[in-house]
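**Student:** In this note's numbering, the protein residues as written are 127 to 677. By construction, the Cβ of each residue, glycine as well, lies at the ideal position given by its N, Cα and C atoms. Values in this document were obtained by computation on a predicted structure and should not be read as measured data.
(1) Return yes when the Cβ of residue 152 is within less than 8 angstroms of the Cβ of residue 239, no when it is not.
(2) How far does the beta strand (DSSP E) with residue 550 in it extend, from its first residue to its last?
(3) Below 8 angstroms, how does it come out for the stretch 423-436 and the stretch 487-499: are there three or more Cβ pairs, yes or no?
(4) What are the boundary residues of the alpha helix (DSSP H) that includes residue 347?
(5) With residue 486 and residue 468 assumed to form a contact (beta carbons below 8 angstroms), what rounded beta-carbon distance in angstroms separates them?
(6) Take every Cβ of the stretch 592-603, pair it with every Cβ of the stretch 550-559, and state whether three or more of those distances are shorter than 8 angstroms.
(7) Which residues bound the alpha helix (DSSP H) around residue 535?
(8) Can you tell me whether residue 653 is helix, strand or coil according to DSSP?
(9) Spatial neighbours of residue 259 within its chain, please: C-beta separation below 7 angstroms, excluding the five flanking residues on both sides.
(10) Below 8 angstroms between beta carbons: does that hold for residue 274 and residue 298?
(11) Using only CA atoms, which one of 450, 434 and 495 lies nearest to residue 512?
(12) Please name the residue, chosen from 611, 525 and 565, that lies closest to residue 579 on a Cα-to-Cα basis.
(13) Have a look at residue 102 and residue 316 and give me their C-alpha separation to the nearest angstrom.
(14) DSSP state of residue 521, grouped into three classes?
(15) Helix, strand or coil for residue 639? Go by DSSP, reduced to three states.
(16) Grab me the residues of residue 172's own chain with a C-beta within less than 7 angstroms of its C-beta, minus the 5 sequence neighbours each way, in chain order.
(17) Which residue wins for smallest C-alpha separation from residue 621, given the options 592, 507 and 577?
(18) From what residue to what residue does the beta strand (DSSP E) around residue 489 run?
(19) Are residue 318 and residue 342 close, meaning C-beta to C-beta below 8 angstroms?
(20) Taking C-alpha atoms, which residue in 675, 571, 573 and 546 lies nearest to residue 606?
(21) In three-state terms, what does DSSP make of residue 140?
(22) What residues match up with residue 444 in a beta bridge as DSSP calls it?
(23) Can you find at least 3 beta carbon pairs, one from the stretch 226-235 and one from the stretch 180-200, that sit closer than 8 angstroms?
(24) Which whole runs of the alpha helix (DSSP H) in the stretch 412-439 are 4 residues long or more, in chain order?
(25) Kindly list the residues whose CB is nearer than 7 angstroms to the CB of residue 675, restricted to its own chain and excluding five residues on each side of it in sequence; keep chain order.
(26) Taking 8 angstroms as the cut-off, decide whether the C-beta atoms of residue 369 and residue 397 are in contact.
(27) Give the DSSP-derived three-state secondary structure of residue 184 in the structure shown.
(28) If you drop the 5 nearest sequence neighbours on each side, which residues of the same chain put their C-beta closer than 8 angstroms to that of residue 666?
(29) With a 10 Å radius around its C-beta and 16 neighbouring C-beta atoms as the bar for buried, classify residue 568 as buried or exposed.
(30) If we ignore side chains and look at the alpha-carbon of each, how far apart do residue 562 and residue 348 end up?
(31) Under the rule that 16 or more other beta-carbon atoms within 10 Å means buried, what is residue 650, buried or exposed?
(32) Going by DSSP, which residues form a beta bridge with residue 604?
(33) Cα-Cα, which of 437, 371, 284 and 491 is closest to residue 678?
(34) Quick one, which of 344, 157, 421 and 391 has its alpha-carbon nearest residue 407's?
(35) How would you label residue 340, buried or exposed, when you count the other beta carbons within 10 angstroms and need 16 or more for buried?
This is how it looks when you write it as structure tokens:
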């Protein structure tokens with residue numbers, strides 16, 4: 127059974143579980159309706175009825191019960207009209223709800239229609255054997271893409287680019303059709319002078335390019351050429367011959383290969399079944415998802431799980447989504463993390479309230495997987511990119527000193543909790559100062575970027591490499607023993623040995639000296655750092671180009 131079948135089975139099981147719970151939800155609503163019909167209704171009864179109808183409207187649509195969703199929304203709207211009377215200054219502040227006989231009758235009639243809708247939708251679901259969950263998710267929306275298509279009439283340049291991209295873990299295809307067949311690509315790299323580029327139409331005002339991002343390149347990098355690229359939907363432009371390191375940085379904008387963990391999403395929704403549904407879809411897309419179904423547990427959840435994106439339901443008992451957003455924004459650690467509200471709200475003023483509270487967007491329930499997944503991916507990438515400005519070294523593109531130290535502390539804590547392994551490496555380019563003095567700082571910067579690309583191509587998404595200063599780097603390797611780290615370093619050193627400082631002047635090569643320390647031999651960040659630094663110093667004093675373990 128493949129992953130698609132597994133997910134569909136999981137979603138179908140969630141839908142069946144949800145449908146089995148609908149009678150209980152309806153019984154609660156009927157109790158509130160009976161209270162109101164009996165003349166004993168108060169604020170609590172109408173507010174509880176509104177809350178239950180709102181929850182049912184959103185969750186039933188998620189699981190394909192569209193008639194139920196529409197009827198519940200109508201009931202919610204009728205309750206809203208009564209709730210508005212709470213704020214009418216002509217009414218005395220009493221527990222009695224200012225409902226006319228006509229309003230009570232309308233509530234009863236609307237609830238009766240909701241019961242009919244439940245009967246129709248559940249009967250249809252039982253007859254078909256599967257609710258309409260397939261409407262909410264498509265396999266094509268969830269696939270991770272690493273394919274780069276190249277469009278160029280220059281065979282030599284096309285082969286050079288393809289070879290370099292394959293070395294850095296991308297799949298490459300030289301066939302570009304300009305149609306739907308290209309949608310599986312991460313990006314299209316196109317020579318602006320190629321026949322394929324000539325055939326691309328210019329976009330009209332307000333139009334956006336369809337398909338994967340277009341990265342154009344060309345010998346002429348002037349304004350006329352760049353405008354042509356923009357008008358054909360280009361997301362980026364690179365001068366020819368294309369600098370491989372620059373190309374990799376551009377591609378990293380459109381992929382998650384430069385992140386050290388999958389996208390992390392926190393869902394805050396009291397509707398457990400609907401929350402699990404959203405969680406399943408996002409997890410299938412490769413994201414790590416944490417569901418909080420009780421707002422009182424939110425702060426504890428944040429202590430254990432820091433997300434890249436919050437998905438908040440707007441109406442929840444104990445605290446609204448807007449209130450939760452304000453609580454989250456009280457902590458500066460989460461100031462830059464985007465928020466999306468998931469709800470059935472259609473009223474502009476409520477959407478505005480959510481946006482004022484710090485939300486980045488408002489997604490209508492039921493949220494389709496084809497909408498939610500790409501939106502969540504785009505927002506987590508933007509979130510990481512913005513936060514990455516403060517944590518990245520501008521020359522190498524690796525993390526900076528502060529981030530490496532922070533990540534080391536996190537991974538030591540994780541290794542301690544999980545009784546796992548961890549190795550920390552400090553390495554330095556041998557004779558880097560002399561290289562700068564002999565060839566200039568521009569060549570030195572090129573060396574740093576090449577080393578960064580070499581390390582990035584050989585490390586895992588869970589690893590973290592950063593530039594500490596000058597030609598010195600730190601590398602955090604979770605779940606890695608010293609022997610595994612040494613094997614990785616042998617591969618990196620072998621690749622660097624073939625590097626030509628100045629192309630055509632002989633290999634020359636680069637060498638690095640490395641010191642490493644591991645957990646549990648060292649169980650604190652300070653001690654591990656000191657041990658790795660001491661081992662690095664010993665490697666340098668021993669002549670360089672070697673790896674030494676800290677003791």
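**Tutor:** Straight from the coordinates:
(1) Numbered from 1 along the chain shown, position 113 holds the residue referred to as residue 239. Numbered from 1 along the chain shown, position 26 holds the residue referred to as residue 152. Residue 239 is not a Cβ neighbour of residue 152, given a cutoff of 8 angstroms.
(2) As a first step, residue 550 is located in the chain shown; it is residue number 424 there, counting from the start. First-last of the beta strand (DSSP E) with residue 550: 548-555.
(3) No contact exists between the stretch 423-436 and the stretch 487-499.
(4) Position 221 of the chain shown holds residue 347. Per DSSP, residue 347 belongs to no alpha helix (DSSP H) and is neither H nor E.
(5) Indexing the chain shown from 1 puts residue 486 at position 360. Indexing the chain shown from 1 puts residue 468 at position 342. Taking 8 angstroms as the upper bound for CB-CB distance, residue 486 and residue 468 are not in contact here, some 13 angstroms apart.
(6) Taking 8 angstroms as the limit for Cβ pairs, the verdict is that the stretch 550-559 does touch the stretch 592-603.
(7) Walking along the chain shown from the start, residue 535 turns up at place 409. Where residue 535 is concerned, the enclosing alpha helix (DSSP H) stretches over 527-544.
(8) Along the chain shown, one-based indexing puts residue 653 at 527. Residue state, collapsed to three classes: helix.
(9) Translated into the one-based positions of the chain shown, residue 259 becomes position 133. Note that residue 259 scores a pLDDT of 44, beneath 50, so its modelled location is shaky and nothing firm can be said.
(10) Translated into positions along the chain shown, residue 274 becomes position 148. Translated into positions along the chain shown, residue 298 becomes position 172. Yes; because the gap between Cβ atoms is below 8 angstroms, this pair is in contact.
(11) Position 386 of the chain shown, counting from 1, holds the residue named residue 512. Each of 450, 434 and 495 was checked against the Cα of residue 512, and the nearest Cα belongs to 434.
(12) In the chain shown, the residue the question calls residue 579 occupies position 453. Nearest in C-alpha terms to residue 579, of all of 611, 525 and 565, is 525.
(13) What the structure shows of the chain is the stretch from 127 to 677, and residue 102 is not part of that stretch, so it cannot be assessed.
(14) Taking the chain shown and counting its residues from 1, one reaches residue 521 at position 395. Of the three classes helix, strand and coil, the one that applies to residue 521 here is coil, per DSSP.
(15) Locating residue 639 in the chain shown gives position 513, counting from the first residue. DSSP places residue 639 within a strand segment (E or B) once states are collapsed to three.
(16) To locate residue 172, count along the chain shown from 1; it is residue 46. Around residue 172: 162, 205, 208, 209 and 223.
(17) In the chain shown, residue 621 corresponds to position 495, counting from 1. Of the listed residues, the one whose Cα sits closest to residue 621 is 577.
(18) The residue given as residue 489 occupies position 363 in the chain shown. Counting along the chain, the beta strand (DSSP E) containing residue 489 begins and ends at 487-490.
(19) Working through the chain shown from its first residue, we reach residue 318 at position 192. Working through the chain shown from its first residue, we reach residue 342 at position 216. Yes.
(20) For this step, residue 606 is matched to residue 480 along the chain shown. Per the Cα distances, 546.
(21) Walking along the chain shown from the start, residue 140 turns up at place 14. Residue state, collapsed to three classes: helix.
(22) To locate residue 444, count along the chain shown from 1; it is residue 318. Bridge pairing for residue 444: absent [DSSP].
(23) Counting Cβ pairs under 8 angstroms, fewer than three are found: no touch.
(24) DSSP assignment within the stretch 412-439 yields the following whole alpha helix (DSSP H) runs of 4 residues or more, N-terminal first: 424-430.
(25) Translated into positions along the chain shown, residue 675 becomes position 549. 608, 642 and 661, listed in sequence order.
(26) Taking the chain shown and counting its residues from 1, the one referred to as residue 369 is at position 243. Taking the chain shown and counting its residues from 1, the one referred to as residue 397 is at position 271. Residue 397 is positioned such that its CB atom lies no closer than 8 angstroms to that of residue 369.
(27) Counted from its first residue, the chain shown places residue 184 at position 58. Three-state DSSP puts residue 184 in a helix.
(28) Residue numbering aside, residue 666 sits at position 540 when the chain shown is read from its first letter. The residues are 554, 556 and 639.
(29) Sequence index remark: in the chain shown, residue 568 carries index 442 (1-based). Around the CB of residue 568, fewer than 16 other CB atoms lie within 10 Å, so the residue is classed as exposed.
(30) On the chain shown, residue 562 is found 436 positions in, with the first residue counted as 1. On the chain shown, residue 348 is found 222 positions in, with the first residue counted as 1. Rounded to whole angstroms, residue 562 to residue 348 spans 31 angstroms at the Cα level.
(31) For this step, residue 650 is matched to residue 524 along the chain shown. It is exposed - the Cβ of residue 650 has fewer than 16 other Cβ atoms within 10 Å.
(32) Position 478 of the chain shown, counting from 1, holds the residue named residue 604. DSSP output for residue 604 lists 548 as bridge partner(s).
(33) The question about residue 678 has no answer, for the chain in this structure spans 127 to 677.
(34) On the chain shown, position 281 is the one that residue 407 refers to. Residue 407 has its Cα closest to that of 391, out of 344, 157, 421 and 391.
(35) One-based indexing of the chain shown puts residue 340 at position 214. Looking at its Cβ environment, which holds 16 or more other Cβ atoms inside 10 Å, residue 340 is buried.
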